[in-house]
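This report concerns only the one structure given below.
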Amino acid sequence: MMLQRLTVVLLLALLGACASGPGMQAPVSTSSPSASRGTVLPRPTPPEEQAPAATSSPAYIPQPVRIEPPQPPVSRPPVPDYTPLPAPERQPDPATPASALLSSVDEAMAAGDLERAAAISERALRISPRDPWLWFRLASIRYQQRQYSEAEGFARRALSFAGSDRELATQINQLLGQIP
Amino acid sequence: MTRSRSTKTPAKKTSRKQKRQSSGFLGRWLRRIIVLGIVVVAAWCVWIDVKSRRDFEALQWALPARIYARPLELYVGAPVSANDIIDTLQRLGYRRTNRVSGPGEYSVGDGIVQLWTRGFDFWDGEEPSLFVEVDVLGRRINRITGDRNNSAVPLVRLEPVEIAQINPGTGEDRLPLTLNDVPPDLVNAVVAVEDHRFYDHFGIDPIGIARAFIANIRAGSIVQGGSTLTQQLIKNLYLTQDRTLRRKIEEALMAIALEIHFSKEEILGAYMNEVFLGQDGNRAIHGFALASEYYFGRPLMELPLQDLALLAGLPRGASYYNPRRNQQRALDRRNVVLAQMRNQGFITPEQYQQASSQPLVVAERPAQRGGGYPAFMDLVRNDLARDYDAEALQTEGLRIFTTLDLRVQSTMEAALEEAVKAVEVPNASKSPTPASLEAAMVITDAVTGEVRAVAGSRRPGYTGFNRATQASRQIGSLVKPAVVLTALESGKYSLASVLNDKPMTLQLDNRDTWSPRNFDNQFNGEVYLYDALQRSMNLAMVDLGMQVGVPSVVETLRKLGFEGNVRPYPSLLLGAVNMTPVQVASMYQTLASNGFRSPLRAVEAVTTGNGQRLARYGIATEQVFSTSSMYQLEWALHGVFERGTARSMLNRLDRRLPLAGKTGTTNDLRDSWFAGYGGDLVGVVWLGYDDNRETGLTGSSGALRVWSDIMNRLEIQPRQLVAPADISWNRVSAQPTNTEALKDCGAPLMLPLREGQWPPTPVNCEDDSSFVDRVIQRLRNW
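These protein sequences, in sequence, are chains A and B. Okay, so the first sequence: first residue is 1 according to the numbering used here, each after it adds one. Okay, so the second sequence: first residue is 1 according to the numbering used here, each after it adds one.
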């Protein structure tokens with residue numbers, strides 16, 4: 001029984017090996033056209049084929065493989081049909097890029113991902129590099145991360161942009177005073 | 001051997017007993033051989049089974065690290081033109097249409113760009129796919145609306161452009177994806193054309209084999225293959241050219257083993273990622289996702305049916321059917337695939353008609369891939385080497401996000417060669433061997449220290465000697481701001497300090513003497529400190545440097561961020577210290593950041609292939625100089641453009657002033673330097689010859705012109721300088737003098753000075769007298 005099964009398998013394998021004609025090219029070859037490849041012909045395909053249907057696996061495979069039937073022909077996933085309209089004349093105050101990012105900073109801090117909060121603050125800084133509040137925000141994040149020397153650097157930079165904003169300057173100096 | 005002996009045994013004369021014995025003997029041996037054979041074959045099968053299962057389970061492709069440029073950010077007020085947006089969209093493979101209907105498409109109207117982003121997993125979170133309409137006025141974004149309800153959108157970030165990769169030793173590249181992410185049309189196309197009984201067979205396809213066998217015998221040669229997708233997968237996985245019978249049997253057995261242990265989906269998924277689909281130089285294109293990017297410049301999900309069919313036809317012969325080189329063959333093959341899909345009911349005849357009538361359109365082959373920005377990539381590799389070994393970079397599919405700004409880099413590359421040619425003095429050294437003037441340029445962000453662009457040669461894309469990181473040359477007068485800064489920081493000097501610009505001879509430690517000269521061999525006598533810097537007077541600077549002490553100047557260089565070798569000799573005061581352009585940029589970065597040192601960075605973050613953050617290299621900043629010293633220094637450096645060595649560029653740059661900068665020229669005109677900065681960018685230009693010969697150029701006749709040309713194209717922003725609280729403006733005598741009698745307060749100068757550091761009485765034109773007194777004083781001076 002065992003012998004029979006093996007013989008069948010071997011014979012099939014042998015046959016398969018003999019019949020495997022123009023296969024795939026191994027990727028180690030270069031892209032320059034080679035003589036052998038130039039003569040390769042496409043495999044003629046019989047026209048009478050039907051759509052494949054799911055069947056059970058052949059009996060001599062110990063673990064039958066369950067296969068989902070192939071997907072029915074589907075084109076690209078449908079995209080919502082969206083026609084942009086002209087912008088209305090009056091709009092509510094559009095959020096500034098920095099304020100939009102600051103709300104993401106808050107989200108990241110609420111989620112405890114301080115490094116992500118720092119990353120988003122820096123993204124905001126690239127848009128408004130002279131915004132002392134953003135520098136101060138970074139200082140506070142680094143302070144919370146206990147990266148005190150970085151916190152001090154950011155705080156001093158915030159101070160250098162604070163100008164006449166006394167309230168901010170006071171807050172920054174408070175933070176600087178807390179840095180051990 | 002045994003068998004042949006037994007068959008030779010004469011049969012005629014042997015008795016029945018002997019015969020029985022003989023046949024028993026023969027049978028016994030035959031049985032033994034068969035049993036042995038079965039054992040051997042069984043062991044072989046088991047081994048193949050174990051091996052293929054183990055290999056498939058552990059299937060993990062070596063994936064190259066992908067390097068990305070800084071993503072383009074769109075927001076109201078962003079200094080971005082419609083062309084900048086379109087250029088980026090084209091690099092990202094967006095398709096221009098009349099009506100945007102899905103991700104990866106854009107349209108251009110009158111000052112309006114509509115686009116639908118694809119979304120991307122950035123290190124700081126996911127950027128959603130979004131439809132927006134961007135209204136651009138010149139070089140500024142005026143309005144962004146979009147999303148579902150056409151409201152104002154504060155901020156949109158495009159996907160980053162991939163600029164290079166660090167390839168694995170295998171040379172294989174792929175973008176792995178799960179079967180769920182493969183468009184069903186592609187799966188259907190592959191099954192239809194390669195193995196239409198894929199869902200029915202058990203790894204090998206006896207019916208297909210028999211049919212192929214007969215067809216091949218009829219044709220007298222191999223015209224048809226019976227290889228299943230599973231067998232093709234095995235062939236690809238074990239990358240062998242070996243075509244022996246044993247090899248083929250082994251492959252067939254492995255295919256069966258795979259089918260026993262793994263689902264059809266797992267096998268198909270692996271095939272979709274593994275199959276070889278093209279060759280790009282030394283990079284092998286594997287898998288359909290990468291092939292889609294390679295041939296069409298777009299993600300698989302965005303491809304229409306006919307393009308998916310083209311890709312499905314490639315496994316048969318990626319080179320033979322290469323759509324770039326063999327257009328007609330590729331088109332025919334594509335239509336064969338489409339016909340198979342129709343015949344097998346995967347597409348309707350109408351879909352077939354529609355798709356097969358489409359022309360073949362492939363993307364331009366990306367020319368700069370991998371080798372596009374060699375000088376910048378040197379910095380990236382250097383930054384990465386601190387935390388990642390080469391193996392990790394070549395195999396783990398990391399995503400490296402860099403600070404490269406493609407707008408800045410492309411603008412610089414487009415202008416550099418011409419700008420250098422324009423200033424080149426032919427054969428200035430009168431050397432018999434011709435050579436061409438070389439150049440290096442570094443552009444960084446003036447606030448964050450992020451490197452925006454680098455050129456290591458006057459020719460963009462040159463992969464040889466990277467002068468930006470490797471050419472270490474004397475910096476000449478570029479050192480002078482450090483001398484002035486040392487003096488200002490000491491608290492004993494101000495811009496109104498009077499220096500002596502007169503001949504001097506210094507006694508050196510080794511008993512030699514040193515007699516520095518001015519560039520024009522003239523002497524200016526008593527000069528203000530700010531004037532000595534602006535007009536780059538050597539003797540006055542040596543006077544100042546010797547007063548503050550050379551070791552203090554060395555310390556200032558360290559604080560500015562210079563880590564290389566420096567000898568504390570008096571000649572340092574005139575720039576006898578070697579630096580690369582990148583090192584100069586890092587020093588001037590600290591000046592541009594108003595005394596805050598931020599190390600230059602080329603890498604911003606590293607994530608895994610699916611967007612998980614591994615490392616982030618954020619802004620770091622440390623205050624190393626007081627804001628009032630920096631303010632005074634910067635005011636003096638503005639004057640370099642307005643009155644000093646860079647005033648020749650006044651016309652070209654007047655709209656952009658104030659800018660700050662310094663020229664540098666070395667002995668015998670061997671090096672021409674300019675380092676300068678605006679509100680947004682720092683730029684350093686070096687010009688010189690690799691063999692150190694004479695250039696015939698000063699800093700202002702050479703590097704400054706190149707710098708101005710490029711920074712003007714980049715629309716460098718003016719400096720925004722806010723005086724610190726302890727700085728106030730003071731009148732000083734027009735004539736620098738320490739002598740009260742010579743004080744000339746007729747047309748006094750206004751200088752920013754630090755409180756408590758106002759100049760001593762002789763030159764100070766401030767007094768306690770009333771306004772009327774001052775008017776009378778002025779009238780008297782007439």
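Ideal Cβ positions, reconstructed from N, Cα and C, are used throughout, including at glycine.
Inset, instruction - Leaving aside the five residues before and after Arg76 of chain A along the sequence, list all residues of the same chain whose C-beta is less than 8 Å from its C-beta, in chain order. - result: Residue confidence for Arg76 of chain A is low, a pLDDT of 36 falling below 50, so the modelled location carries little weight; the figure read from the coordinates is stated next. For Arg76 of chain A, where only same-chain residues beyond five positions count, there are no Cβ hits under 8 Å.
Inset, instruction - Can you pull the chain A residues whose beta carbon is under 7 Å from the beta carbon of Asp124 of chain B, in chain order? - result: Arg116, Ala119, Ile120 and Arg123
Inset, instruction - Using beta-carbon positions only, say whether Thr580 of chain B and Ser472 of chain B come within less than 8 Å of one another. - result: yes
Inset, instruction - Would you kindly work out how many angstroms separate the C-alpha atoms of Ala309 of chain B and Arg452 of chain B, rounded to a whole number? - result: 41 Å
Legend entry - Own chain, CB closer than 8 Å to Leu130 of chain B, minus 5 neighbours either side, in chain order: Trp116, Thr117, Gly119, Gly146, Asp147, Val153 and Val156
Inset, instruction - Could you tell me if Arg43 of chain A is buried or exposed, where buried requires 16 or more neighbouring beta carbons within 10 angstroms of its beta carbon? - result: At Arg43 of chain A the pLDDT is 37, less than 50, meaning the model places this residue with poor confidence; the figure from the coordinates comes in the next sentence. So Arg43 of chain A counts as buried.
Inset, instruction - Indicate the three-state DSSP secondary structure (helix, strand or coil) for Leu751 of chain B in the structure shown. - result: strand
Legend entry - Closer than 7 Å at the beta carbon, the chain B residues around Thr96 of chain A: Pro154
Legend entry - Contact set between Gly112 of chain A and chain B, taken where Cβ atoms lie within less than 7 Å: Neighbours of Gly112 of chain A on chain B: none; closest Cβ ~14 Å, over 7 Å.
Inset, instruction - Say whether chain B places a C-beta atom closer than 8 Å to the C-beta of Ala158 of chain A. - result: no
Inset, instruction - For Val80 of chain B, return the contacting residues in chain A, with the cut-off set at a CB-CB distance below 8 Å. - result: What Val80 of chain B touches in chain A: nothing, since even the nearest Cβ is about 12 Å away.
Legend entry - Inter-residue spacing [alpha-carbon to alpha-carbon] between Leu529 of chain B and Ala482 of chain B: 13 Å
Legend entry - Buried/exposed call for Trp686 of chain B, threshold 16 Cβ in 10 Å: buried
Inset, instruction - Could you name the residues of the same chain whose beta carbon sits closer than 8 Å to that of Phe161 of chain A, not counting the 5 residues immediately before and after it, in chain order? - result: Arg130, Asp131, Pro132 and Trp135
Inset, instruction - Quickly, what does DSSP pair Met120 of chain B with across the bridge? List them, please. - result: Sequence check: residue 120 of chain B is Phe here, not Met. DSSP output for Phe120 of chain B lists B:Glu127 as bridge partner(s).
Inset, instruction - Report buried or exposed for Tyr148 of chain A, applying the criterion of at least 16 other Cβ atoms within 10 angstroms of its Cβ. - result: exposed
Inset, instruction - Would you mind stating whether Asp671 of chain B and Gly476 of chain B have Cβ atoms separated by less than 8 Å? - result: yes
Inset, instruction - Give the interface partners of Phe154 of chain A over in chain B, defined as CB-CB distance under 7 Å, in chain order. - result: Thr621
Legend entry - Test item: CB-CB of Ser593 of chain B and Ala446 of chain B under 8 Å: yes
Inset, instruction - Compare the C-beta of Gln327 of chain B against all C-beta atoms of chain A and say whether one is closer than 8 Å. - result: no
Inset, instruction - Using 10 angstroms around the beta-carbon of Glu57 of chain B, count the other beta-carbons present and answer buried if the total reaches 16, otherwise exposed. - result: exposed
Inset, instruction - Determine, using beta carbons only, whether Glu150 of chain A comes closer than 8 Å to chain B. - result: yes
Inset, instruction - Going by DSSP, name the residue or residues bridged to Val156 of chain B. - result: B:Leu74
Inset, instruction - Grab me the residues of Leu714 of chain B's own chain with a C-beta within less than 7 Å of its C-beta, minus the 5 sequence neighbours each way, in chain order. - result: Val408, Thr411 and Leu681
Legend entry - Cβ contact check for the segment 289 to 302 of chain B and the segment 254 to 269 of chain B: 3 or more pairs under 8 Å: no
Inset, instruction - Could you work out which residue in B:Leu753, B:Ser733, B:Gln757 and B:Pro752 is closest to Gly746 of chain B when comparing CA atoms only? - result: B:Ser733
Inset, instruction - Taking C-beta pairs closer than 8 Å, name the residues in chain A that Thr627 of chain B reaches, listed in chain order. - result: Ser160
Legend entry - Listed by chain order, chain A residues near Thr448 of chain B by CB distance under 8 Å: Glu122, Leu125, Arg126 and Pro129
Inset, instruction - Output, in chain order, the set of chain B residues within a Cβ distance shorter than 9 Å of Ser183 of chain A. - result: Because chain A is modelled from 1 through 180, residue 183 of chain A falls outside the range shown and cannot be assessed.
Inset, instruction - Compute the beta-carbon to beta-carbon distance between Arg656 of chain B and Gly678 of chain B, rounded to the nearest angstrom, for a pair I have assumed lies under 8 Å. - result: 6 Å
Inset, instruction - Look at the alpha carbon of Tyr143 of chain A and the alpha carbon of Glu150 of chain A, and state the distance between them as a whole number of angstroms. - result: 8 Å
Legend entry - Reference Arg458 of chain B, options B:Ala189, B:Ile710 and B:Leu177, closest by Cα: B:Ile710
Inset, instruction - Verify the CB distance criterion: does Asn180 of chain B have a CB-CB separation below 8 Å to chain A? - result: no
Inset, instruction - Scan the segment 747 to 758 of chain B for residues whose Cβ lies nearer than 8 Å to a Cβ of chain A and list them as they occur along the chain. - result: none
Legend entry - Uninterrupted alpha helix (DSSP H) stretches inside the segment 324 to 405 of chain B (no shorter than 4 residues): 327 to 343, 349 to 356, 374 to 385 and 390 to 395
Inset, instruction - Starting from the C-beta of Asn712 of chain B, find all residues in its chain whose C-beta is less than 8 Å away, skip the five residues before and the five after it, and write them out in chain order. - result: Arg652, Leu653 and Arg656
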